[in-house]
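Each residue of the sequence shown is one higher than the last, beginning at 1 in the UniProt record's numbering.
C-beta atoms are modelled at their ideal positions from N, C-alpha and C, and glycine is treated no differently.
Quick caveat: nothing in here was measured; it's all calculated off a predicted structure.
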Amino acid sequence: MAWKRMALQGWGRVTRAETLASRPERQREVAPLLLAPEAAPGLIAYGGGRSYGDVALNSGGATLLTQRLNRLLDFVPDTGLLVCEAGVTFQDILRTFLPRGYAAPVSPGTAFVTIGGAIANDVHGKNHDRHGSFGDHLAWIELVLPDGRLVRASREEEAELFAATIGGLGLTGLILRAAFHLQKAPSTHFVVHERRLPDLQSFMAAFAEVRRQATYSVGWIDGVARGGQLGRGILQTAEYATGEVPRARPARERRMPVDLPALALNRHSVRLFNEAYFRRVPAAGRERILPVEQFLYPLDAVLDWNRLYGKRGFYQLQCVLPDAAAERGLPALMERVAEAGAASFLAVLKTLGERGRGYLSFPLPGFTLALDLPARPETPALMAQLEAMILDHGGRVYLAKDACLSPEGFRRMYPELPHLQAVLQRVDPAGRMRSDMARRLQIHGAA
Numbered sequence: 001m002a003w004k005r006m007a008l009q010g011w012g013r014v015t016r017a018e019t020l021a022s023r024p025e026r027q028r029e030v031a032p033l034l035l036a037p038e039a040a041p042g043l044i045a046y047g048g049g050r051s052y053g054d055v056a057l058n059s060g061g062a063t064l065l066t067q068r069l070n071r072l073l074d075f076v077p078d079t080g081l082l083v084c085e086a087g088v089t090f091q092d093i094l095r096t097f098l099p100r101g102y103a104a105p106v107s108p109g110t111a112f113v114t115i116g117g118a119i120a121n122d123v124h125g126k127n128h129d130r131h132g133s134f135g136d137h138l139a140w141i142e143l144v145l146p147d148g149r150l151v152r153a154s155r156e157e158e159a160e161l162f163a164a165t166i167g168g169l170g171l172t173g174l175i176l177r178a179a180f181h182l183q184k185a186p187s188t189h190f191v192v193h194e195r196r197l198p199d200l201q202s203f204m205a206a207f208a209e210v211r212r213q214a215t216y217s218v219g220w221i222d223g224v225a226r227g228g229q230l231g232r233g234i235l236q237t238a239e240y241a242t243g244e245v246p247r248a249r250p251a252r253e254r255r256m257p258v259d260l261p262a263l264a265l266n267r268h269s270v271r272l273f274n275e276a277y278f279r280r281v282p283a284a285g286r287e288r289i290l291p292v293e294q295f296l297y298p299l300d301a302v303l304d305w306n307r308l309y310g311k312r313g314f315y316q317l318q319c320v321l322p323d324a325a326a327e328r329g330l331p332a333l334m335e336r337v338a339e340a341g342a343a344s345f346l347a348v349l350k351t352l353g354e355r356g357r358g359y360l361s362f363p364l365p366g367f368t369l370a371l372d373l374p375a376r377p378e379t380p381a382l383m384a385q386l387e388a389m390i391l392d393h394g395g396r397v398y399l400a401k402d403a404c405l406s407p408e409g410f411r412r413m414y415p416e417l418p419h420l421q422a423v424l425q426r427v428d429p430a431g432r433m434r435s436d437m438a439r440r441l442q443i444h445g446a447a
């Protein structure tokens, strides 16, 4: 249980922290580490390292690395109830249980997220309209509170702590293990339908048609198209395959070996790439049979893909706008990004259903847009402008992806923050659980 000075960073590579870190091997080691003198300046958990900004970073404080708390503890086939440690990843679950006919009910866009991170950020996937977010499927959570006590929280027991921990950014304590229900998976493959859509209005109309019908749906948006082509892209819908499926060659993992030079990423190169990507789907659309892993986690096929944006890294803005405001707000956001020349390979549009169970859960009924923005000197100012536009349309920013949100904007976007703060005052009055995001957003109050 040694402590070691090390540097950690968010997935976007623009946020970094020098921290004192320890990597527990067993659950019994966690409470002593939380109470150790090294953790006195404040502590946060760091799992798979796939949050984009500073939610899992703790500059000048302590960090518990949870990757080795990764054991599958119990599974009940009749109910699908799985009990596991917080360091288990979605890849672990998929590769263990999909061949047996089970899958995670909700999954984020990468399989390398840990269950602890999924709870702390209340992750959602391509099926939110139908299955909600991860917190909706939790039976219970066990966590070590900042004072070293082990507590189980559920909807019936410690209900306020349960709601504070779901989407609670890791601030209520160290999540040790959790129980949640897997869903039956009738196949290891999806039938995926793809079609091109010429503009954002067509995209939103198509989503209105499929969001209540398709189990999985997601759209790729051309982030540099403007004018009559603003918001053009490709809509994918998917259902589990039935019967025999063709034996496909497994997707080969590739690695981004070096950082892409900054000059390689400009609006001209991105426009060429996006044009080719748009036209890879025939005008009449197409149907494909894809392995579940390939459809749910397309970017995982390129390890270290975050190096695509060079050494300076990138910011990701993911927001949700309510249904009533999306038709007006989404074009304004996309036009502002295109106008700024903030070239983006990756822009994703999805729909979200009901609100999450956590006080700081991100989803609300509407459209969610995610944009990668290369880190340049002017990007934070652009992010501030986009924050104001999101607020004007009644939306909010996804904290798992955030590195720029202001404390004022945060409080307006998350009106249930006082409920979280009340729980933190009860379970952590000394403020031992800390992170760079918590300080930036003044979750514990202004410094």
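Secondary structure of residue i, DSSP reduced to three states
| i | result |
| --- | --- |
| Tyr46 | strand |
| Gly366 | strand |
| Trp305 | helix |
| Ala17 | strand |
| Ile166 | coil |
| His393 | coil |
| Ala438 | helix |
| Gln27 | helix |
| Met256 | With a pLDDT of 47 at Met256, under the threshold of 50, the modelled position of this residue cannot be trusted; read the value that follows with caution. Reduced to three states, the DSSP call for Met256 is coil. |
| Ala185 | coil |
| Trp3 | coil |
| Arg95 | helix |
| Pro282 | coil |
| Val245 | coil |
| Ile119 | helix |
| Ala205 | helix |
| Gly227 | helix |
| Leu176 | strand |
| Arg152 | strand |
| Val55 | coil |
| Tyr102 | strand |
Residue range of the alpha helix (DSSP H) that includes residue i
| i | result |
| --- | --- |
| Pro198 | Run containing Pro198: none; DSSP gives neither H nor E here. |
| His419 | 417-427 |
| Leu296 | 292-296 |
| Ala324 | 323-339 |
| Arg412 | 407-413 |
Cβ pair residue i, residue j closer than 9 angstroms
| i | j | result |
| --- | --- | --- |
| Val427 | Leu369 | no |
| Ile93 | Ala103 | yes |
| Phe112 | Gly12 | no |
| Leu65 | Tyr52 | no |
| Gln236 | Val218 | yes |
| Asn121 | Leu441 | no |
Distance between beta carbons of residue j and residue i, contact taken as under 8 angstroms
| i | j | result |
| --- | --- | --- |
| Val270 | Val224 | 5 angstroms |
| Gly61 | Arg434 | 6 angstroms |
| Gly167 | Phe367 | With 8 angstroms as the limit, Gly167 and Phe367 do not qualify as a contact, their Cβ atoms being about 20 angstroms apart. |
| residue 448 | Leu352 | Nothing can be reported for residue 448, as the shown portion of the chain is limited to 1 through 447. |
Identity of the residues DSSP links to residue i by a beta bridge
| i | result |
| --- | --- |
| Gly233 | Leu197, Ile221 |
| Gln9 | Arg16 |
| Val191 | Glu239, Ile289 |
| Tyr315 | Leu373 |
| Lys350 | Thr368 |
| Thr63 | Ala21, Ile44 |
| Thr114 | Thr89 |
| Tyr216 | Ala238 |
Proximity test, residue i beta-carbon vs the ligand COA heavy atom, cut-off 8 angstroms
| i | result |
| --- | --- |
| Asp304 | Inclusion of the ligand COA in the displayed structure is not the case, the ligand content being empty and no account of it being possible. |
Residue i: first and last residue of the uninterrupted beta strand (DSSP E) it sits in
| i | result |
| --- | --- |
| Glu142 | 138-144 |
| Glu85 | 81-85 |
| Asp74 | 72-76 |
| Arg355 | No beta strand (DSSP E) holds Arg355; DSSP gives it neither H nor E. |
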